[in-house]
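Report on the structure given below.
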Amino acid sequence: MRRLLVVTFAVMAVAITARSGVLRAQAGATKPAPAIDRTVPPPFMQDGQTLEVPPPPFSDGIFPCSACHESIKPDRTRRVLTFHDDIVLKHDQDHRWCLDCHDADNRDFLHLAGGQRLPFDESYMLCGQCHGEKLRDWRVGVHGRRTGQWNGHKTYLLCVNCHNPHQPRFKPLPPKPAPKPPMRPIR
Amino acid sequence: MSFSQKFPRFVTGSVQLVTRGNTTYWVWLAVLAVLILSGADAFAAQVRHGLIVTAMRDQVSWGFYIGNFTFLVGVAAAAVVLVIPAYVYDWKPIREIVIFGELLAVSAIVMCLLFVLVDIGRPDRFWHLLPGFGHMNFPQSILAWDVIVLNLYFIVNFIVVTHILYRAFHGRHYNKKIVVPLVLLSIPMAVGIHTVTAFLYNGLAARPYWNSSILAPQFLASAFCSGPAILLAVVLLLRKFTRFEIQDEAVWKIAELMAYATFINLFLHGSEAFKEYYSNTEHALYTRYWFQGIGEHRTLVPFAWTAVLLNVTAFVLFIIPKARRNPVLLYTGCFATYAGCYIDKGMGLIIPGLTPDALGEIYVYYPTIAELRVAAGVFALGFLVFTLMLKVAVPILLGEFHGARDPRAAVTH
Amino acid sequence: MATEEMHESGISRREFASVAAAAAAGLLATACGNRRLYDIPKDKLRAAVAEMEKEYSAKYGKAVTVSDAGPMPGVVFAYALDISRCVGCRRCVYACVAENNQSRDPEVQWIRVLSMDKSKGIDFQDADPYYQPETVPQDGRFYVPTACQHCRNAPCTKVCPTGATWTEKDGIVVIDYDWCIGCRYCMAACPYGARHFNWGKPTLPSDQVNPDMHVLGNRPRQQGVVEKCTFCIQRSRAGRYPACVEVCPVGARKFGNLLDPNSEIRYIIENKRVLLLKQELNTMPKFFYFYGT
């Protein structure tokens with residue numbers, strides 16, 4: 408049984424590697440990337456619903472990325488970075504690296520698999536490429552947290568407000584104190 | 548003599564009767580008074596600090612008070628149900644006991660209502676459920692039904708008792724047109740208060756231990772054990788300490804009836820236990836908690852088996868004619884029945900019904916000193932009512948105290 | 198309204214009784230002043246609420262508002278909780294305590310989070326409400342937060358002898374804290390352990406009082422009465438999400454209008470695997486548990 412599982416995973420891993428290789432090749436081939444026309448709402452917002460999201464949780468002083476990257480020539484070879492060493496990628500890291508999501512030509516943007524540039528506050532589109540059903544549920548307010556009015560104006564959180572895109576798994580957190588067990592009166 | 552002359556004489560005579568007695572009488576009253584005062588003190592603290600002075604908590608939200616309430620409803624009901632053979636078969640020996648049954652019923656109902664009063668979180672708001680003053684959720688709430696039937700039952704029995712005694716005091720036979728219909732009414736009502744009280748628990752799907760259709764019949768069966776047990780003890784005491792004559796036939800007949808009632812009670816318990824253990828669904832948990840305990844929680848187990856043992860003993864003692872004719876064994880049987888039913892119908896009904904709680908938590912409940920004091924006070928008050936009523940009733944029934952003669956002549960006991 | 202007529206006849210009976218029982222006259226005089234919130238006419242309710250605002254503002258030294266907002270037409274509230282997401286952190290428990298002015302000591306908490314064994318599924322006999330590890334979630338455990346399920350077929354309202362608890366038109370099961378006699382029959386009837394009794398005098402530090410109150414919701418409770426979750430009636434009737442929904446760090450809590458086909462709730466019921474606690478009891482909760490994944 409265990410052996411069977413290992414084999415299955417191995418086959419899956421090969422398949423995924425092969426596929427992501429193709430994606431990378433495409434992304435590299437498309438340049439310059441067409442900017443997304445932001446006057447047209449994303450396809451799932453066509454009922455006129457506005458989507459208010461908080462700003463992405465950038466580290467202090469990191470944005471705009473172009474402030475530094477403007478003067479650096481993009482190096483598209485996959486490698487271990489000497490800068491940004493605080494970022495540890497634990498998000499399908501065997502098949503993925505920075506420029507799969509970050510746009511090499513304009514560092515203030517992300518890009519979709521098809522090469523379209525994407526501003527950081529629409530990063531959910533990027534996440535939704537792989538996590539389609541999560542995007543669908545998030546859109547209707549079932550995945551993730553909404554605040555505000557149940558019958559009106561709501562605030563969404565971006566995927567990255569809860570999930571660190573580089574390490575999306577939720578970190579365990581300390582629970583609040585347990586309730587006090589019932590106590591007999593002390594005399 | 549007009550009513551305005553007759554009634555004050557009855558009252559003053561009664562007062563004189565209850566203020567006269569031998570040392571035993573006064574010691575008994577003193578004991579009751581101490582218990583009542585202690586109970587009142589504990590109750591005052593409970594009202595001030597809240598029910599937090601009890602051991603009840605959200606997990607086990609009913610306890611000793613409601614257990615006693617349930618048991619006493621049975622006592623109240625069964626004491627009167629003895630009327631059935633007396634009136635239906637017009638069997639004279641038991642008929643003499645009937646009046647004591649009704650006195651007992653009145654006292655038991657007083658205790659029942661007091662136990663409900665001390666159990667509620669806001670006794671100052673009791674009037675919220677009085678129809679007309681507050682709002683009674685009738686007919687949805689079985690507790691509303693219970694309040695109605697208990698009060699009606701109290702009123703009916705109180706009228707019957709006072710009427711019979713008042714008439715006897717004036718040397719007249721009671722008015723059959725008043726007494727017979729009321730007594731006949733009190734019989735279905737006795738069954739009624741018990742059935743309604745059983746339904747109070749029975750209707751709660753949240754508590755599988757209670758949510759069994761056998762509960763009401765089983766309540767009645769156990770009431771037919773515990774009520775006569777007390778009555779029999781009272782009658783035996785009366786026979787010993789007063790000139791009151793009660794025929795052996797009546798005593799033996801009651802003991803025999805109790806044997807059947809005990810058997811039915813045991814049988815119904817057994818049926819329930821069989822169903823729970825054999826089907827062994829998740830609902831068997833509560834029965835298991837009672838008879839076996841769950842894990843290290845085994846507090847109730849000794850009580851469960853003591854109750855079984857007591858009930859079986861009582862059955863054996865009452866079913867063998869020779870045994871029930873032996874006064875010592877008869878007393879033993881009465882005590883066994885009373886104690887067995889008290890465990891079974893009191894804490895044995897309430898606590899396993901609520902443990903484990905609706906979310907599976909086990910909180911081990913047992914009453915605090917404060918609860919015991921309040922409960923003792925309520926019992927003492929009930930016994931006081933019963934004692935004083937007996938003190939008046941016995942001389943009247945013996946013809947020692949009546950409108951024509953000075954009550955001072957009455958034999959004290 | 199019929200209740201108005203009933204009240205009129207009630208007064209005459211009251212007068213009769215107070216004559217008959219002179220000893221109880223004082224009690225009855227106070228009695229006549231109070232009425233069940235359920236029966237109270239709109240204008241009188243507003244006056245009563247204004248009285249409460251004055252009383253609470255003085256007591257807690259801050260401006261307290263007590264809303265008497267009624268149900269919105271076309272709205273029936275429902276709740277959904279994603280048990281595949283809940284990590285058992287109990288943020289909801291404490292957000293609820295703060296929002297709804299629960300007693301700090303003795304401790305009253307409307308939400309109870311049960312830790313359960315993944316290999317056993319939902320089994321209350323194996324549930325642990327007192328888990329306290331360093332971090333959650335723990336391996337092999339999942340979490341089922343419970344609170345009032347706001348049953349459509351509510352056993353608690355049925356058994357209340359005084360009619361002190363009832364279901365509002367928007368589906369919220371509420372309690373009139375001034376009418377409850379504290380008999381705790383509702384607690385025996387509730388299959389979800391959702392009702393909590395004020396065993397002692399509730400304590401609520403002034404600096405922690407939430408001054409945004411509702412007459413059927415988070416206004417201070419007295420000793421000896423029952424309380425429970427109201428779907429944050431003071432928030433939900435103002436269009437806001439309940440406090441527990443907004444605080445949940447994993448977004449496991451969902452709330453909305455059951456009658457609105459575009460609500461999150463309807464989406465969940467129509468598209469997710471949904472379960473009800475103790476469904477066999479036919480209580481028909483409006484609190485749905487679902488698997489988001």
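Just so you know, the protein sequences line up as chains A, B and C, in that order. For the first sequence, this note's numbering begins at 408 and goes up steadily by one. For the second sequence, this note's numbering begins at 548 and goes up steadily by one. For the third sequence, this note's numbering begins at 198 and goes up steadily by one. Think of the CB as a built atom: it goes at the ideal place given N, C-alpha and C, for glycine as much as any other residue.
CB contact check: residue i to chain C, cutoff 8 Å
i	result
Ile667(B)	yes
Trp837(B)	no
Glu823(B)	no
Ser759(B)	no
Gly887(B)	no
Val694(B)	yes
Gly606(A)	Because chain A is modelled from 408 through 594, residue 606(A) falls outside the range shown and cannot be assessed.
Gly551(A)	yes
Closer than 8 Å to chain B by CB, residue i
i	result
Thr343(C)	yes
Pro582(A)	no
Met249(C)	no
Pro579(A)	no
Ile378(C)	yes
Arg591(A)	yes
Distance between residue j and residue i (C-alpha atoms, nearest Å)
i	j	result
Met936(B)	Val558(B)	12 Å
Ala776(B)	Cys445(C)	60 Å
Val607(B)	Tyr756(B)	14 Å
Phe926(B)	Met658(B)	6 Å
Leu751(B)	Gln405(C)	38 Å
Leu928(B)	Thr828(B)	44 Å
Phe948(B)	Pro942(B)	5 Å
Phe470(A)	Val567(A)	15 Å
Gly586(B)	Glu918(B)	9 Å
Ile466(C)	Val627(B)	56 Å
Val650(B)	Thr617(B)	The residue you asked about is not Val; residue 650(B) is Leu in the sequence shown. For Leu650(B) and Thr617(B), the distance between alpha carbons rounds to 19 Å.
Trp575(B)	Val932(B)	13 Å
Val447(C)	Gly681(B)	46 Å
Val418(A)	Gly414(C)	Confidence in Val418(A) is poor, its pLDDT being 44 and thus under 50, which makes the residue's placement unreliable; the coordinate value appears in the next sentence. Looking at the two C-alpha atoms, the distance is approximately 57 Å.
Val707(B)	Val645(B)	11 Å
Leu565(A)	Val460(A)	6 Å
Leu779(B)	Leu804(B)	12 Å
Val581(B)	Met894(B)	25 Å
Asn698(B)	Leu690(B)	12 Å
Residue-chain proximity (residue i, chain A), Cβ-Cβ < 8 Å
i	result
Phe452(C)	yes
Thr332(C)	yes
Cys286(C)	yes
Tyr389(C)	no
Arg349(C)	no
Residues that DSSP places opposite residue i in a beta bridge
i	result
His411(C)	Ser264(C)
Trp363(C)	Val371(C)
Glu424(C)	His393(C)
Val333(C)	Leu580(A)
Thr617(B)	Note: Thr617(B) sits in no beta bridge, so no partner.
Phe487(C)	Asp279(C), Val471(C)
Lys450(C)	With the sequence shown as reference, residue 450(C) is identified as Arg, and Lys is not the correct amino acid for it. Arg450(C) pairs with Leu278(C).
Phe516(A)	Pro526(A)
8 Å Cβ cutoff, residue i in contact with chain E
i	result
Asn558(A)	In the structure shown, chain E does not exist; the protein chains are A, B and C.
Quiz item: Between the region 282 to 290 of chain C and the region 306 to 317 of chain C, do at least 3 Cβ pairs fall closer than 8 Å?
Solution: yes
Quiz item: Would you call the region 526 to 543 of chain A and the region 411 to 424 of chain C in contact, with 3 or more CB pairs under 8 Å?
Solution: no
Practice problem: Check whether the region 290 to 304 of chain C touches the region 549 to 563 of chain A, taking contact to mean three or more Cβ pairs, one atom from each stretch, closer than 8 Å. | Solution: no
Quiz item: Should the region 432 to 446 of chain C be regarded as contacting the region 249 to 259 of chain C, the criterion being three or more beta carbon pairs within less than 8 Å?
Solution: no
Quiz prompt | Three CB pairs or more closer than 8 Å across the region 872 to 882 of chain B and the region 834 to 852 of chain B | solution = no
Quiz item: Can you list, in chain order, the stretches of the alpha helix (DSSP H) that have 4 or more residues and sit fully within the region 255 to 328 of chain C?
Solution: 288 to 296
Quiz item: Between the region 897 to 904 of chain B and the region 860 to 867 of chain B, are three or more C-beta pairs nearer than 8 Å?
Solution: no
Quiz item: Are there three or more Cβ pairs, one per stretch, closer than 8 Å when the region 656 to 674 of chain B is compared with the region 366 to 382 of chain C?
Solution: yes
Quiz prompt | Touch test, the region 269 to 277 of chain C against the region 365 to 375 of chain C, Cβ-Cβ under 8 Å, three pairs minimum | solution = yes
Exercise. Give a yes or no on contact between the region 335 to 350 of chain C and the region 383 to 403 of chain C, applying the rule of three or more CB pairs nearer than 8 Å.
Key: yes
Quiz item: Are the region 586 to 595 of chain B and the region 735 to 747 of chain B in contact at 8 Å, needing three or more beta carbon pairs?
Solution: no
Quiz item: Does the pairing of the region 522 to 530 of chain A with the region 494 to 502 of chain A give three or more beta-carbon distances under 8 Å?
Solution: no
Exercise. Run through the region 530 to 568 of chain A for me and flag every whole alpha helix (DSSP H) of 4 or more residues, listed as ranges in chain order.
Key: 530 to 537, 539 to 546
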